[in-house]
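Take a look at the structure below.
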Amino acid sequence: MNKNKDRYFTIGQNERQNLSFSNIPKQISVISSIKDTYEEEFVANQLVEAQINPSLSPKMRHDLFDVLYKYKNSFAYDNEPLGAIKGNEVDITLNIDRPYPPVLRRPAYPDGPRAREALEEHIQDLIQLGVLRKVGYNEEFEVTTPIIMTWYNDK
Numbered sequence: 001m002n003k004n005k006d007r008y009f010t011i012g013q014n015e016r017q018n019l020s021f022s023n024i025p026k027q028i029s030v031i032s033s034i035k036d037t038y039e040e041e042f043v044a045n046q047l048v049e050a051q052i053n054p055s056l057s058p059k060m061r062h063d064l065f066d067v068l069y070k071y072k073n074s075f076a077y078d079n080e081p082l083g084a085i086k087g088n089e090v091d092i093t094l095n096i097d098r099p100y101p102p103v104l105r106r107p108a109y110p111d112g113p114r115a116r117e118a119l120e121e122h123i124q125d126l127i128q129l130g131v132l133r134k135v136g137y138n139e140e141f142e143v144t145t146p147i148i149m150t151w152y153n154d155k
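In this text, residue positions in the sequence shown follow full-length UniProt numbering: the first is 1, and each later residue adds one.
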C-alpha cells in the first residue's frame, strides 16, 4: 500500500506496476483539433512556395507555422489582395508646391514588343491587386516615374 496522496491503479493481475492518474494524457479539445486542421490547410495551401530554412528544427518550423497562421491576416496572399488592410485607411496629401522634381527632359523612347507585353501584364496584375488605379484623361497628374526594365531569368 502506498502512503502518498496520489491515486494509483493497476491493470489486470500485475499489482507491482502502479499507474498514476496524473500520467493519463488530457483530452485534446475539439477547438484545438479544428485549429490544427485549419492550420494544416493554411500551411498546405498558402505556404507551398515559401522557402523555409532547412536548418530549422521541427519544433522551430512548427512554431514558425503557428505564428504565421496566428497573424495570417497581416500578410497578403491569394485570397486577400495586396493593400486590403481594412479599418486603417490613410489619406496622403502630396506636396505639389515648388520646388518639386523637375520634369524629365528626355523624351520617352519605345521599348520592344517583348518589354511592352511584360509591362502591360505586370501593370494589369497591380491594378487587380488594388495597388495601382487608372488615371482618367481629364485628371491633372504632374508626377511621372520612368520605368527601367530589368530581366531576370527571361522574365
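Beta carbons are placed, not taken as given, at the ideal position from N, Cα and C, and that holds for glycine.
Measuring straight from C-alpha to C-alpha, what distance separates residue i and residue j?
{"i": "Tyr38", "j": "Met60", "result": "19 Å"}
{"i": "Pro113", "j": "Glu49", "result": "30 Å"}
{"i": "Ile148", "j": "Leu119", "result": "10 Å"}
{"i": "His62", "j": "Gly87", "result": "31 Å"}
{"i": "Tyr137", "j": "Asn53", "result": "48 Å"}
{"i": "Asn153", "j": "His122", "result": "16 Å"}
{"i": "Asn91", "j": "Glu40", "result": "Looking at the sequence provided, one finds Asp at residue 91 rather than Asn. Whole-angstrom Cα-Cα distance: 38 Å."}
{"i": "Thr93", "j": "Phe75", "result": "26 Å"}
{"i": "Asp36", "j": "Glu139", "result": "50 Å"}
{"i": "Glu89", "j": "Pro58", "result": "39 Å"}
Going along the chain, which residues of its own chain have a beta-carbon closer than 8 Å to the beta-carbon of residue i, five neighbours each way excluded?
{"i": "Arg133", "result": "Ile127"}
{"i": "Leu56", "result": "Leu64"}
{"i": "Gln124", "result": "none"}
{"i": "Ile28", "result": "Residue placement at Ile28 is flagged as unreliable, the pLDDT there being 40, under the threshold of 50; a coordinate-derived value is accordingly withheld."}
{"i": "Leu47", "result": "Phe65 and Leu68"}
DSSP three-state call for residue i: helix, strand or coil?
{"i": "Tyr38", "result": "helix"}
{"i": "residue 176", "result": "Since the first residue of the chain shown is 1 and the last is 155, residue 176 is not available in this structure."}
{"i": "Val90", "result": "coil"}
{"i": "Asn2", "result": "Because Asn2 carries a pLDDT of 48, less than 50, the predicted location of this residue cannot be relied on, and no value is offered for it."}
{"i": "Ser33", "result": "A caution first: Ser33 carries a pLDDT of 43, below 50, which makes its placement in the model too unreliable to give a value."}
{"i": "Arg61", "result": "helix"}
{"i": "Pro113", "result": "helix"}
{"i": "Ile127", "result": "helix"}
Going by C-alpha distance, which of the options is nearest residue i?
{"i": "Pro146", "options": "Glu140, Leu47 and Asp111", "result": "Asp111"}
{"i": "Arg116", "options": "Trp151, Glu40, Tyr137 and Pro54", "result": "Trp151"}
{"i": "Asn45", "options": "Lys72, Tyr137 and Pro54", "result": "Lys72"}
Can you list, in chain order, the residues of its chain whose CB lies under 6 Å from that of residue i, leaving out five sequence neighbours each side?
{"i": "Phe42", "result": "Tyr69"}
Excluding the 5 residues flanking residue i on each side, which residues of the same chain have their C-beta closer than 7 Å to its C-beta?
{"i": "Phe141", "result": "Val135"}
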